[in-house]
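J.: Residue numbers (my numbering): 8 to 97.
Each residue gets a CB set at the ideal place from its N, CA and C atoms; glycine is no exception.
Quick one: the structure is below, questions incoming.
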Amino acid sequence: MAVKFYRLVKTLKLKRHLKDQLERAASSVALNLAEGSGRFTRKDQKRFYHIAFASLRECQAVLDLADKTEKEMIELADSLAAHIYCLIKS
């Protein structure tokens, strides 16, 4: 799901500074989820999941700033946030 979100982000047309920031934050979501899932202790896992969650919120803020309202992207971001939240709370 995080990879799908990243790929959708790559297709957006935005001002360069917002596009760069959004792509970095979106890649951070996927990469921190992957790294967290590879950690052995729950504490380590949660730390990376928190970073992924914060990066996703950053993505959502950039989308708001850019006035992007693509339904698929908004719904995917919301669903991804819910999944990450569940990972943190489990």
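Given a cut-off of 8 Å on the beta-carbon distance, is the pair LEU25 and LEU87 in contact?
T.: By one-based count along the sequence shown, residue 25 stands at place 18. By one-based count along the sequence shown, residue 87 stands at place 80. Contact flag unset, no.
J.: Can you have a look at ALA89 and say buried or exposed, based on whether 16 or more other CB atoms are within 10 angstroms of its CB?
T.: Reading the sequence shown from its first residue, position 82 is the one you call residue 89. ALA89 comes out exposed.
J.: What's the call for VAL10, buried or exposed, on a 16-neighbour Cβ count within 10 Å?
T.: As a first step, residue 10 must be located in the sequence shown, where it is residue number 3. That one is exposed.
J.: Roughly how many whole angstroms lie between the Cα atoms of SER35 and TYR92?
T.: Locating residue 35 in the sequence shown gives position 28, where the first residue counts as 1. Locating residue 92 in the sequence shown gives position 85, where the first residue counts as 1. Each residue's Cα considered, the two are about 16 Å apart.
J.: Under the rule that 16 or more other beta-carbon atoms within 10 Å means buried, what is PHE60, buried or exposed?
T.: In the sequence shown, counting from the first residue as 1, residue 60 sits at position 53. Answer is buried; the Cβ neighbour count reaches 16.
J.: Could you work out which residue in LEU63, LEU94 and ARG49 is closest to LEU83 when comparing CA atoms only?
T.: Sequence index remark: in the sequence shown, residue 83 carries index 76 (1-based). Measuring from the Cα of LEU83, the nearest candidate turns out to be LEU63.
J.: If I measure Cβ to Cβ from LEU94 and keep anything under 6 Å in the same chain, skipping five residues before and after, which residues do I get?
T.: Position 87 of the sequence shown, counting from 1, holds the residue named residue 94. Once the five neighbours on either side are set aside, the close Cβ partners of LEU94 are TYR56.
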